[in-house]
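According to this note's numbering, the stretch in the sequence shown is residues 31 to 253, in order.
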Amino acid sequence: MSLKPPKKSDVGKRWMNPRQSKEILIQPEYHLIVTEGTDTEPQYFESIKTRINSKYHEKICLEIYGEGDNTLSLLKKAQKRALDSSTIFKHVWIVYDTDDFPPDHINRTAEKCLSMTSEETEYHALWSNQCIELWFMLHFNYIDADLHRSEYFPKLTEWMSNIGCGKYEKNRKDMFDILMPYLDNAINNAKKLNDINKDKTPANSSPGTQVYKLLELLRPYLY
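Here it is in structure tokens:
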């Protein structure tokens, strides 16, 4: 059985084990990221994991799974992974698009994440209305028009072409590296949308995304 993750203020501290008279390193903060998509989202977060592991593996530990499921079903799979694991996750992140799923399912997933949160583990609904491509787009430009998800593809291609990065495709493995220089801009733009969508349900928050919350938390470890 793993040790309970420490408070963030304790991360990296070394403590003396009185029985063994040896220093032991306190356990890192564990994150479980479970995504609806099996390509775009996992590859994006795997790049984040690689970057963090290169410098801060002893402080932040990420486990990432692309489940190929959505909303309530995705939450159930994430919960099962968390409960079945020997690791005690401090954060469980549910990453899903609203797409054309029933509004009730979209909203209930976010509500259940709040009700499932405990002192030990916090569940987060990282929905994007309509799709994660909105989050990508916010790196380059603030947008509050209610666009269909298909309209983000040519817009992303235009911006990426302007910076010499070619065409946007869902299975690109380098999206995080391309977008990283504009991360602060994306977080600020996503927050502006969040303010506009205040008191609205996720299903009615179009456009809107919560993905920034994970990136804002991890941002200190990405530089």
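Ideal Cβ positions, reconstructed from N, Cα and C, are used throughout, including at glycine. None of the values given here were measured: they were computed from a predicted structure.
Cutoff 8 angstroms: residue i Cβ touching any chain B Cβ
{"i": "M167", "result": "The structure shown contains no chain B; it is built from a single protein chain."}
Contact under 8 angstroms by Cβ, residue i with residue j
{"i": "H169", "j": "L213", "result": "yes"}
{"i": "N100", "j": "E66", "result": "yes"}
{"i": "I82", "j": "I94", "result": "no"}
{"i": "T139", "j": "L92", "result": "no"}
{"i": "S235", "j": "N159", "result": "yes"}
{"i": "V64", "j": "K106", "result": "no"}
Through-space distance from residue j to residue i, alpha-carbon basis
{"i": "D225", "j": "L247", "result": "18 angstroms"}
{"i": "T68", "j": "E97", "result": "6 angstroms"}
{"i": "A112", "j": "V241", "result": "20 angstroms"}
{"i": "M167", "j": "P250", "result": "22 angstroms"}
{"i": "R44", "j": "K197", "result": "Reliability of the predicted coordinates at R44 is poor, the pLDDT of 45 falling under 50, and the value obtained from them is presented with this limitation in mind. Their backbone Cα atoms lie some 47 angstroms apart in a straight line."}
{"i": "F119", "j": "R179", "result": "32 angstroms"}
{"i": "K203", "j": "W157", "result": "21 angstroms"}
{"i": "E188", "j": "E181", "result": "12 angstroms"}
{"i": "W165", "j": "K85", "result": "25 angstroms"}
{"i": "Q57", "j": "E88", "result": "7 angstroms"}
{"i": "D174", "j": "C161", "result": "14 angstroms"}
{"i": "L62", "j": "D130", "result": "26 angstroms"}
{"i": "L245", "j": "Y60", "result": "15 angstroms"}
{"i": "Y126", "j": "N192", "result": "29 angstroms"}
{"i": "L186", "j": "P132", "result": "27 angstroms"}
{"i": "K230", "j": "I124", "result": "19 angstroms"}
{"i": "D134", "j": "K110", "result": "22 angstroms"}
{"i": "L223", "j": "P184", "result": "21 angstroms"}
Identified DSSP bridge partners for residue i
{"i": "E93", "result": "L62"}
{"i": "A155", "result": "I124"}
Under the three-state DSSP convention, the category residue i falls into
{"i": "D254", "result": "For the chain, the structure presents residues 31 to 253; residue 254 sits outside this window and is missing."}
{"i": "T147", "result": "coil"}
{"i": "T239", "result": "strand"}
{"i": "Y182", "result": "helix"}
{"i": "R249", "result": "helix"}
{"i": "Q109", "result": "helix"}
{"i": "K73", "result": "Position check: residue 73 holds Gln in this sequence, whereas Lys was assumed. Residue state, collapsed to three classes: helix."}
{"i": "I217", "result": "helix"}
{"i": "F1", "result": "This structure leaves residue 1 out entirely; the chain is present only between 31 and 253."}
Contacting residues, own chain, Cβ-Cβ under 7 angstroms from residue i (five flanking each side not counted)
{"i": "N215", "result": "H169"}
{"i": "N227", "result": "S235 and G238"}
{"i": "I208", "result": "M190 and C195"}
{"i": "I136", "result": "T101, T128, W157, P232 and A233"}
Spatial neighbours of residue i in its chain, beta-carbon cut-off 8 angstroms, leaving aside the 5 residues before and after
{"i": "N201", "result": "D69, T70 and Q73"}
Beta-carbon proximity list for residue i, same chain, < 6 angstroms, skipping 5 on both sides
{"i": "M146", "result": "Y153"}
{"i": "M205", "result": "Y74"}
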